[in-house]
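Worksheet: the structure to be examined is printed underneath.
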Amino acid sequence: MGSLEHGLEVLELLAARGTEKLVGVATELGVARATAHRLLSTLQSRGYVEHLPESHLYQLGPAVAELSFRSDLSRLPELAAPAMADLHALTGETINLAVLRRGRIVWSRSIDGRHAIRLTTVLGESVPAHATAIGKAVLAALPAEEWAGLLGPEPYHRFTPTTRTTLAALQADVDKARTAGYAIDDGESEVGGVCFASVILGLAGQPIGAISVAAVEARWPVDTAEQIGPAVHRWCKEISSRLSQGVRTVA
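The C-terminal position of the sequence shown is numbered 251 in UniProt numbering, with every residue numbered one higher than the one before it.
And the structure:
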């Protein structure tokens with residue numbers, strides 16, 4: 001049996017057991033301790049395995065989760081396409097897909113609204129987490145201790161008179177989004193605009209992106225949220241489910 005196959009066996013063993021000592025790995029693989037140590041050291045150097053010196057245990061490292069995260073991101077545009085098309089047909093408004101990439105939320109895909117006056121996005125630009133429905137939807141799926149990287153220090157940048165510039169004000173919106181399953185931007189990033197967004201979760205249950213409907217408030221005032229928000233939420237739940245099952249398309 002080659003080193004590659006042994007290395008995969010180590011990862012499968014740690015995935016099944018959570019942690020294991022060197023002797024346990026050697027015994028399970030049927031190899032000498034020196035061989036097991038060499039395999040573990042190689043995997044540790046690439047971040048796929050971590051060593052806990054206090055307990056002499058080994059566990060899976062962050063590179064495993066990163067690999068899963070990248071796989072989810074590569075499949076997301078294909079999985080999101082039917083959802084975006086359906087929401088566009090339902091509303092006639094601009095539909096956006098954003099993804100989490102290197103600690104930023106970035107606009108990834110967009111379908112322009114059918115109206116002459118519509119909201120647009122610039123693909124590749126960062127999404128301000130505190131002032132957008134997509135940002136708040138992602139925050140609602142993250143532990144509070146991970147917010148700082150997306151938000152930066154207070155006071156947050158004010159785009160409009162209604163932008164939430166403090167953590168306390170933002171927290172209230174995020175709590176509502178977590179309960180409802182979708183977040184709302186009521187003119188907080190652009191005067192006269194309104195957005196409804198829901199988060200997409202990856203295989204490990206972590207947020208990897210979100211979909212939003214970006215509309216002109218005169219056509220879709222915020223009190224119509226119940227007509228759009230649940231539809232966005234249903235699609236994002238479906239995409240999240242397909243990602244967790246390894247499915248590549250959404251019917």
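Where a beta carbon is used, it is the ideal one built from N, C-alpha and C, also for glycine.
Would the beta-carbon of residue i fall within 8 Å of that of residue j?
i, j, result
"residue 294", "R109", "Outside the shown range of the chain (1 to 251) lies residue 294, about which nothing can therefore be said."
"A225", "I211", "no"
"W107", "E125", "yes"
"A63", "R46", "yes"
Kindly indicate the opening and closing residues of the alpha helix (DSSP H) around residue i.
i, result
"D223", "It is not in any alpha helix (DSSP H) - D223 carries neither H nor E in the DSSP assignment."
"A183", "Segment 183-186 is the beta strand (DSSP E) holding A183; no alpha helix (DSSP H) there."
"L150", "148-151"
"H37", "33-45"
"H157", "No alpha helix (DSSP H) contains H157, which DSSP labels as neither H nor E."
"L167", "167-180"
Kindly list the residues whose CB is nearer than 8 Å to the CB of residue i, restricted to its own chain and excluding five residues on each side of it in sequence; keep chain order.
i, result
"L40", "V10, L22, V25, V49, H51, Y58"
"L170", "H130, K136, L139, L151, Y156, R164"
"I117", "V216"
"E190", "L119, F159, T160"
"G18", "Q59"
To the nearest whole angstrom, what separates the beta carbons of residue i and residue j, a pair I think is in contact under 8 Å?
i, j, result
"P207", "L100", "6 Å"
"H6", "V31", "7 Å"
"L60", "A15", "6 Å"
"G149", "G205", "G149 to G205, Cβ: 19 Å. No contact."
"I184", "S240", "Incorrect: roughly 20 Å between the Cβ atoms, too far for contact."
"L76", "G209", "6 Å"
"I105", "V122", "Actually they are not in contact, since the Cβ atoms of I105 and V122 sit about 13 Å apart, beyond 8 Å."
Skipping 5 residues on each side, what residues in its chain have a beta carbon closer than 7 Å to that of residue i?
i, result
"G187", "T160, T162, G193, V194, E217"
"V213", "L87, T91, E93, I95, C195, F196, I228, V232"
"L142", "P207"
"A36", "L22, V25, A26, L29"
"V174", "K136, L139, A140"
"L167", "E154"
"A133", "A183, I184, D185, C195, F196, A197, S212"
Between which two residues does the beta strand (DSSP E) containing residue i stretch?
i, result
"H51", "49-52"
"T19", "19-21"
"L57", "57-60"
Residues in the same chain with beta-carbon distance under 6 Å from residue i, minus the five sequence neighbours each way, listed in chain order, please.
i, result
"I111", "M84, H88, I95"
"G235", "Looking at the sequence itself, residue 235 is Trp, so the reference to Gly does not match. Once the five neighbours on either side are set aside, the close Cβ partners of W235 are A83."
"R114", "G92"
Which whole runs of the alpha helix (DSSP H) in the region 189-213 are 4 residues long or more, in chain order? none
Length-filtered (3 minimum) beta strand (DSSP E) runs lying within the region 63-133: 94-101, 104-111
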